[in-house]
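Undergrad: After the structure tokens below, expect a handful of questions from me.
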Amino acid sequence: MKNQLTKIASLANIAAYSQENAANYIDGAPHIKHKFLRELYAKELIQVYSNSLKFTKFPIVLDMGAGEGSVTLPFLELGTHVVAVDLSEFQLKSLREKSKQYGDRLEIRCQDINQTLNKVDEKFDIIVANSFLHHLPDYIEILKKVSEKLNNGGQFFCFQDPLLYRSMSHVNLIFSNISYYSWRLMKGDLYDGLSRYIRRKRGVFKEDSYHDNAEYHVVRDGVDQDCIKKFFEDNGFRVKIIKYFSTQNTFFQRLGTLLKMENTFSLIDQKDNNSLSKNA
12 MKNQLTKIAS
22 LANIAAYSQE
32 NAANYIDGAP
42 HIKHKFLREL
52 YAKELIQVYS
62 NSLKFTKFPI
72 VLDMGAGEGS
82 VTLPFLELGT
92 HVVAVDLSEF
102 QLKSLREKSK
112 QYGDRLEIRC
122 QDINQTLNKV
132 DEKFDIIVAN
142 SFLHHLPDYI
152 EILKKVSEKL
162 NNGGQFFCFQ
172 DPLLYRSMSH
182 VNLIFSNISY
192 YSWRLMKGDL
202 YDGLSRYIRR
212 KRGVFKEDSY
222 HDNAEYHVVR
232 DGVDQDCIKK
242 FFEDNGFRVK
252 IIKYFSTQNT
262 FFQRLGTLLK
272 MENTFSLIDQ
282 KDNNSLSKNA
């Protein structure tokens, strides 16, 4: 189990490092940058996979926003069939090259995720959203479709989304902001960055702005984990929320983890058509 966990944790890093501008990407992606978060993700991923084996020998996985392959490669390594969906032709081409050894267990689709979720005759055992929901203006509408695309016993697994800001304690929120800006101040682009921050805090979002799309959660103050939890529970899912600390700054990542700070969450939601208990 320990060797498997180490292998899965390393695959996310391998996927990211193989793309262009990898250093900049990883520096801004805590869940790939920091060993603790990679291992936490790997532990949850293996649990999701193990749960799925109770219902099927060969789980079919939908990777929403597959990108550099940090989800796709670990699931392929475990032996699943993966449908990887993303809008980036470049990233999907890179993913295809890295996945040759897994043969026809990988299906790549360069399309909007709604095109896949709207297919009537297709269902999955696992649907994964890794650092994805906070990019969506209306993630609840997407999750409604997700809930309908899962087989009985199927699971929705999301990782690396910011907690709803107002649900965090003042200590957690202040610590999280200090840790982020201690990293951000070293990145340059201070004037434009501050201007974007002030504009987004006023609720003004520009659809054609790369930065706004990458940080849409700032406009709506995070992602409402309790709303997501309630939605899935109301639809017959058993829900588990994992809260943890995540930041780009390495020093504050270690300190925040040590102090058990929380600013980020993961969910594992399992569909149960037989109406078993809904324990969080």
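In terms of our numbering, the sequence shown opens at residue 12 and continues consecutively.
C-beta atoms are modelled at their ideal positions from N, C-alpha and C, and glycine is treated no differently.
Model, not experiment: these values are computed from the prediction.
Spatial neighbours of S110 within its chain, please: CB distance less than 8 Å, with the 5 preceding and 5 following residues excluded, ordered by chain position.
TA: For the purposes of this step, residue 110 is taken as residue 99 along the sequence shown, with counting starting at 1. Closer than 8 Å at the Cβ level, and outside the excluded window around S110, lie G80, T83, L84, L87, L117.
Undergrad: Between which residues of its own chain and L154 is the CB-CB distance below 7 Å, once the five residues before and five after are set aside?
TA: Position 143 of the sequence shown, counting from 1, holds the residue named residue 154. Hits under 7 Å: I239, F242.
Undergrad: Tell me which residue opens and which closes the alpha helix (DSSP H) that R107 is part of.
TA: Start at 1 with the first residue of the sequence shown, and residue 107 comes out as number 96. From DSSP, the alpha helix (DSSP H) with R107 extends over 100-109.
Undergrad: As a quick exercise: from D115, S277, I43, pick the residue whose alpha carbon is nearest that of F167.
TA: Within the sequence shown, numbered from 1, the residue matching residue 167 stands at position 156. Nearest option by C-alpha distance: S277.
Undergrad: Buried or exposed: which applies to N32, given that a residue is buried once 16 or more other Cβ atoms fall within 10 Å of its Cβ?
TA: Counting from 1 along the sequence shown, the entry for residue 32 is found at position 21. With a pLDDT of 48 at N32, under the threshold of 50, the predicted position of this residue should be treated as unreliable, though the coordinate-derived value follows. Label assigned to N32: exposed.
Undergrad: Hey, how far is the Cα of K271 from the Cα of G114?
TA: Taking the first residue of the sequence shown as position 1, residue 271 is located at position 260. Taking the first residue of the sequence shown as position 1, residue 114 is located at position 103. Going by the C-alpha atoms only, they are around 42 Å apart.
Undergrad: Just curious, the alpha helix (DSSP H) that L184 is in, first and last residue?
TA: Here the question's residue 184 lines up with position 173 in the sequence shown. Counting along the chain, the alpha helix (DSSP H) containing L184 begins and ends at 181-195.
Undergrad: Locate the beta strand (DSSP E) running through H92, then write down its first and last residues.
TA: Taking the first residue of the sequence shown as 1, we reach residue 92 at position 81. That run of the beta strand (DSSP E) goes 92-97.
Undergrad: Does DSSP put D283 in a helix, a strand or coil?
TA: Taking the sequence shown and counting its residues from 1, the one referred to as residue 283 is at position 272. Here D283 sits in coil by DSSP.
Undergrad: Could you check what DSSP says for K160 in three-state terms: helix, strand or coil?
TA: Locating residue 160 in the sequence shown gives position 149, counting from the first residue. K160 falls in the coil class under three-state DSSP.
Undergrad: Across the segment 97-104 and the segment 171-190, are there enough close Cβ pairs to call them in contact, namely three or more that are closer than 8 Å?
TA: Not touching, per the Cβ criterion.
Undergrad: Looking at P70 and Q259, is the spacing between their C-beta atoms short of 8 Å?
TA: Taking the first residue of the sequence shown as 1, we reach residue 259 at position 248. Taking the first residue of the sequence shown as 1, we reach residue 70 at position 59. Going by C-beta atoms, Q259 is not nearer than 8 Å to P70.
Undergrad: If you pair each beta-carbon of the segment 169-179 with each one of the segment 138-158, do three or more pairs fall below 8 Å?
TA: The segment 169-179 is in contact with the segment 138-158.
Undergrad: With distances taken Cα to Cα, identify the nearest neighbour of R249 among K130, L48, T127, G165.
TA: In the sequence shown, residue 249 corresponds to position 238, counting from 1. Comparing Cα-Cα distances from R249 to each of K130, L48, T127, G165, the minimum goes to G165.
Undergrad: Alpha carbons only, please: which of S180, E108, G247 is nearest the one belonging to K254?
TA: Residue 254 sits at position 243 when you count from the first residue of the sequence shown. It is S180.
Undergrad: Nearest CA to the CA of V234: which residue from T261, Q264, T275?
TA: Reading the sequence shown from its first residue, position 223 is the one you call residue 234. Checked all of T261, Q264, T275; the closest Cα to V234 is T275.
Undergrad: Alpha helix (DSSP H) containing L117: first to last residue?
TA: As a first step, residue 117 must be located in the sequence shown, where it is residue number 106. It is not in any alpha helix (DSSP H) - L117 instead sits in the beta strand (DSSP E) that spans 117-121.
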